[in-house]
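A short worksheet on the structure shown next.
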Amino acid sequence: MAESFIFSIAESLTTKIASRAYEEASQVVGVYDVLQDLKSSLSYVKAVLLDAEQKQEQNHELREWLKQIKLIFYDAENLLDQVDCETLRKRVVRDYGTPKDKILPRSISKLKHLRYLSLRDNGRVKKLPASICNLQNLEELNLSGCVELQTLPEKLRNLINLRRISITTKQFVLPEDDLANLCLLEHLHIYECDNLESTFVGVKLPTLRFLWIMRCKNLKSLPLDKHHFPQLEQFVVDECVKFELSDGHEDMNSVLRLKTLFFCMMVNFPPSLHGYANTLQTLVFLRCYELEALPEWLLNMTSLKFLHIWSCPRLLSLPSGIHCLKALEVLRIERCPRLYRKYQPHVGEYWHQISHIKHIQILQ
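Taking full-length UniProt numbering, the leading residue of the sequence shown gets 1, the next gets one more, and so forth.
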């Protein structure tokens, strides 16, 4: 029964809070009184749960009450994780030096309930302990900006609850098989991996929905098709000067059903993206400083609802046939001085070409 399961969690948490180690740790980090209150609350809940076993299992009010109790226990676990993290931080400072040294000890694996871990923009980390892969409740791992990280830890596939990962590494090849075996992974951000030229050629990421590639200056390509990314909805490419996006395979069954596409500081635009004509809903051009004309395939995007053009100073005009995009509901233009003059609401020379769009925002 659900109440028996929750009772076991309550008992485990109560035992943990009552331990001498936790009493000392809570005093160190300044949450002693909070933990004592939590201990009293859990003792009360245990008594009530014993009584709940005598109630009807199909009782709707009981089920709703148990849901609320679960939420309380999740909050309790989060508080204990915070105590764990702060205690670990103080231990690291004591044993290894000040926090600026940015050392991640092997004992990180003791934080069994940890759901979020960020080492973002840590330029000192060169290696991560293998024990990090024992954090089986971890849902998000952020290593973006760790520009000195030589390799990612082995056995990333053991992070069975990981849903989001951001990566910076000096590796020439990513641990593709490990990433492919993360069965809940939905968000993958690859950031400043300067040695990466291509990736994911021989693997399939079956659950990935959001893929961001940023500042990978030597990345030339990746197999952007349904065989490799069957669930992909959003693709962002930012400041990857050598990257060339293709329209995928000639086989239309292999074309992605992309909904969102971001081009940031893009130099080489694909000659055709007809494969996305019926699915693409959001298209963004950001900081494309050399862009003088939007790609011709834009007018084929019959499902496009949102078009955002930001900081493209050399862009002269929008396609004259933009009125053909019947599904387009939102047009935002910012920091595009030439477009601002031509399409300024009600007074611009070409305002009539876009006046049918429901929501228009044109800013200097």
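A virtual CB, placed ideally from N, CA and C, is assigned to each residue, including glycine.
DSSP three-state assignment for residue i, whether helix, strand or coil
i    : result
G348 : coil
I213 : strand
S221 : strand
I357 : coil
S311 : coil
S107 : helix
Residues that DSSP places opposite residue i in a beta bridge
i           : result
N142        : S118, S166
I132        : Bridge partners of I132: none, in fact.
R264        : Here the sequence assigns Cys to residue 264, which means Arg is not the residue at that position. In DSSP, C264 forms a bridge with D238, L286.
L363        : E334
Y191        : M214
S303        : None, per the DSSP bridge assignment.
A277        : Beta-bridge pairing links A277 to no other residue.
S320        : Its beta-bridge partners do not exist; DSSP assigns none.
residue 365 : Within the shown structure, residues of the chain are numbered from 1 to 364, placing residue 365 beyond reach of any answer.
L272        : Looking at the sequence provided, one finds Ser at residue 272 rather than Leu. Per DSSP, none; premise fails for S272.
Residue i, enclosing alpha helix (DSSP H) - first and last residue
i    : result
Y340 : 337-343
L184 : Where L184 is concerned, there is no enclosing alpha helix (DSSP H), given that its DSSP letter is neither H nor E.
Residue nearest to residue i in terms of C-alpha spacing, selected from the options
i           : options                : result
L114        : N122, K155, L159, L149 : L159
I165        : K326, L152, K126, S131 : L152
C312        : N161, F306, H323, V284 : V284
L258        : S272, P271, V241, A277 : A277
S317        : V237, E296, L117       : E296
residue 366 : V125, Y191, N134, V330 : Here the chain has residues from 1 to 364 only, and residue 366 is not among them.
residue 366 : R124, C183, V255, C146 : With the chain covering 1 to 364 only, the question about residue 366 has no answer from this structure.
G321        : D238, C240, H352, T282 : H352
L156        : E192, Y350, N181, M214 : N181
F306        : R287, T279, Y289       : T279
V330        : G348, H308, H346, R314 : H308
R106        : L232, H356, A130       : A130
Y191        : I132, C324, T168       : T168
M265        : V241, N122, H323, P345 : V241
L188        : C288, F210, C324       : F210
K204        : C183, S221, N195, L196 : C183
Whole-angstrom distance between residue j and residue i, CA atom to CA atom
i    : j    : result
L363 : Y343 : 10 Å
V267 : C216 : 14 Å
L298 : F235 : 16 Å
P271 : N218 : 21 Å
G275 : L261 : 13 Å
L208 : C336 : 34 Å
D178 : Q361 : 44 Å
L138 : L111 : 10 Å
V255 : P223 : 11 Å
G202 : K127 : 26 Å
L117 : E140 : 6 Å
V237 : R314 : 20 Å
E154 : I132 : 9 Å
L294 : L328 : 16 Å
R124 : E148 : 6 Å
L325 : D225 : 25 Å
N144 : S198 : Sequence check: residue 144 is Ser here, not Asn. Their Cα atoms are separated by approximately 19 Å.
Y350 : Y340 : 10 Å
K220 : F243 : 4 Å
Check: residue i C-beta below 7 Å from any heavy atom of the ligand FMN
i    : result
K217 : With respect to small molecules bound, the structure shown includes none, and the ligand FMN cannot be examined in it.
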